[in-house]
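Residue numbers (full-length UniProt numbering): 1 to 332. Cβ atoms here follow ideal geometry from the backbone N, Cα and C, with glycine treated the same way. Fair warning: this is a prediction, and the values are worked out from it, not measured in the lab. For reference, the structure is listed below as structure tokens.
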């Protein structure tokens, strides 16, 4: 696969994949991105012009998608509306991008018989009880709880149906919560890090007992590349790094690693329908394809992330004030 089309490649996880794939392969990468508020061209700055191309466009634009797909060997589909809070406020963009956009892409991949990899989330499975020893597997029934996760579940099912009905050459991956460079400051970890940088107390939803299974974006990228190259067509692979932490533990670690007291945070109004716990069992990916994470320690990955935000204030600073203003309006 010498030419890879990456949708949503100016967003957080997509841009990390572009950097990773350019470093680890000799492929040419074309990115299509609508550049909504979550897309940032600065995340793609400095990439080699002979191996990278950016196209400003919408994945619901059928002629453009067909043109780019035909010129590629594979499509890696990251583009999504992905913030739960935003989906509760205005669900419609999530339907347009996550459902109609995915439909447009798989139709093009089907037409030109191209390899397709669909990026999804563990949130399609709903949540687990805090004290439940179980983790999500590829066989866990879908039980989404928000407009975001329900539209991602719908997009997964579209891909599966196109594999079965039309022979689409596709794989799917569902990943746990990502953290790392280039993540918008509205998200949990970068919001807390940048608050501490600004001398502001971090904000914790409710009691902070909700559990997330964290994975560094570089490890997500390496897993996706492994699946793209070696995954079995029609299969779903769960990506996780055994990084379960409560939100309170994450805030305390951020404060500790940045030289502040562990209890120097404040509680804010919890999100409606806030899922309790996510946890990924990535046994299939590890045993079948031989993948393993580089950041096996969450603390090491967190230190890497804190350093990136401290060193790259010019990247996140323009979005900080507007983001905090929006949270303030919501009492969060």
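With distances taken from CA atoms, which of the options is nearest residue i?
i           : options            : result
residue 293 : 175, 135, 132      : 175
residue 68  : 80, 53, 82         : 53
residue 24  : 225, 329, 75       : 225
residue 253 : 291, 281, 306, 313 : 306
residue 42  : 317, 10, 51        : 10
residue 213 : 207, 234, 232, 240 : 240
residue 44  : 92, 182, 230       : 182
residue 116 : 316, 232, 270, 280 : 232
residue 38  : 12, 276, 322, 250  : 12
residue 290 : 277, 251, 237, 324 : 237
residue 206 : 167, 162, 164, 251 : 251
residue 77  : 270, 156, 314      : 156
residue 184 : 316, 2, 198        : 316
residue 271 : 172, 209, 105      : 209
residue 227 : 282, 144, 95       : 282
residue 123 : 247, 274, 204, 1   : 274
residue 6   : 87, 112, 105       : 105
residue 247 : 81, 158, 211       : 211
residue 258 : 142, 198, 158      : 198
residue 110 : 297, 139, 163      : 163
So, with DSSP's three-state summary, where would you put residue i?
i           : result
residue 117 : strand
residue 277 : strand
residue 179 : strand
residue 212 : strand
residue 38  : coil
residue 3   : strand
residue 246 : strand
residue 45  : coil
residue 295 : coil
Taking buried to mean at least 16 other C-beta atoms within 10 Å of its own C-beta, is residue i buried or exposed?
i           : result
residue 27  : buried
residue 179 : buried
residue 92  : exposed
residue 229 : exposed
residue 311 : exposed
residue 329 : exposed
residue 79  : buried
residue 262 : exposed
residue 186 : buried
residue 320 : buried
residue 50  : exposed
What are the residues that DSSP puts in a beta bridge with residue i?
i           : result
residue 237 : 173
residue 55  : 32
residue 204 : 267
residue 74  : 4, 115
Does residue i come within less than 9 Å of chain C when only Cβ atoms are used?
i          : result
residue 89 : Included in the structure is just one protein chain, with no chain C present.
Let me check you understand the geometry: is the CB of residue i closer than 8 Å to at least one non-hydrogen atom of the ligand MN?
i           : result
residue 190 : The ligand MN is not among the ligands present in this structure, which contains no ligands whatsoever.
Could you tell me whether the stretch 147 to 155 touches the stretch 264 to 272, where touching means 3 or more Cβ pairs closer than 8 Å? no
Given 8 Å as the limit, is there contact between the stretch 302 to 317 and the stretch 191 to 206, that is, 3 or more CB pairs closer than that? yes
Across the stretch 63 to 78 and the stretch 28 to 41, are there enough close Cβ pairs to call them in contact, namely three or more that are closer than 8 Å? yes
Would the stretch 5 to 21 count as touching the stretch 216 to 231 if we require 3 or more Cβ pairs under 8 Å? yes
Does the stretch 70 to 81 come close enough to the stretch 126 to 136 that 3 or more CB-CB pairs lie under 8 Å? no
Hey, is the stretch 89 to 105 in contact with the stretch 123 to 131, meaning 3+ C-beta pairs nearer than 8 Å? no
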